[in-house]
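Enquirer: Encoded as C-alpha cells, here's the structure I'll be asking about.
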Amino acid sequence: RFSYNLLLSCQERGIHTALETTGYAQWEVMSQLAGVTDLFLYDVKLVDSEDHRRHTGVPNDPILDNLRKLAASDNEIHVRVPCIPGINDGEEQIQSIARFIAPLGIQNMVLLPYNSAAGAKYEWIDHPFELSNAQAQSENYMASLADLCRQEGIEVQVGG
C-alpha cells in the first residue's frame, strides 16, 4: 500500500517511477503496482524452479508468472540478474534466462557481477554467509555471458 501510494503520488506530479522487485508477490499486488510504475527493474536469479527453491528457499513460479503478465503490459522492464558464483553465473543458467525473456518481448537485461561486499549485510544481521570466499567474475567472463544473451536478441548491460 505504501509503495503504491508513493508511486501514484510521483506519477501525479509528473515524476518517472521505477520499482526494483523480485516479483515474489501475488499478481493482484503486482498488477496494482504496474498501474503506477513506468519501469520495472525485475530480478531473475534462476529459471529452474528446483534450483531457485534450493538457493533462495522459495519457488520461482510466482516470479516468472508475474514477469509473463507484466511483459504483456505497457510497462518497461529491465531484467536484472545478480550473478552469484557457482550458483547462477554459468553459461547454461544465464542463457536459460535470456531464452525465457526473449519470447516475452523483454529486450533489456542487466548482468550484475558478484559484489563481495554482500557479506557485510549478513554480518549486520548476525547470519552466516556461505559465499565468503566467492570472487567477482572477470570482465571478460561477464562479456562472454553478455554475448550469449545478445545471441537471443537481448540488449545487455554489464553492471549498473
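So that you can map any letter, position 104 of the sequence shown is 94 in this note's numbering, and since no number is skipped, the others follow by simple counting.
Cβ coordinates follow ideal geometry from the N, Cα and C atoms, glycine included.
Computed from a predicted model, the values in this text were never measured in an experiment.
1. DSSP three-state label for residue 153, please.
2. By DSSP's criteria, residue 70 is part of a beta bridge. Which residues make up the other side?
3. Between the region -1 to 8 and the region 40 to 53, do at least 3 Cβ pairs fall closer than 8 Å?
4. Assign residue -3 to one of three DSSP states: helix, strand, or coil.
5. Is it right to say residue 137 is buried, meaning 16 or more other beta carbons lie within 10 angstroms of its own, or is it exposed?
6. Going by Cα to Cα distance, which pick from 78, 25, 30, 90 is closest to residue 54?
7. Quick one, are the C-beta atoms of residue 35 and residue 72 less than 8 Å apart?
Expert: In this structure, then:
1. The question about residue 153 has no answer here: the residues shown for the chain are numbered -9 through 150.
2. Here residue 70 corresponds to residue number 80 of the sequence shown, with the count starting at 1. Its beta-bridge partners are 33, 100.
3. No, the region -1 to 8 is not in contact with the region 40 to 53.
4. Taking the first residue of the sequence shown as position 1, residue -3 is located at position 7. If DSSP states are grouped into helix, strand and coil, residue -3 belongs with the helices.
5. As a working note, residue 137 is residue 147 in the sequence shown. So residue 137 ends up on the exposed side.
6. Counted from its first residue, the sequence shown places residue 54 at position 64. Among 78, 25, 30, 90, the Cα nearest to that of residue 54 is on 90.
7. Translated into the one-based positions of the sequence shown, residue 35 becomes position 45. Translated into the one-based positions of the sequence shown, residue 72 becomes position 82. Between residue 35 and residue 72, the CB-CB gap stays under 8 Å.
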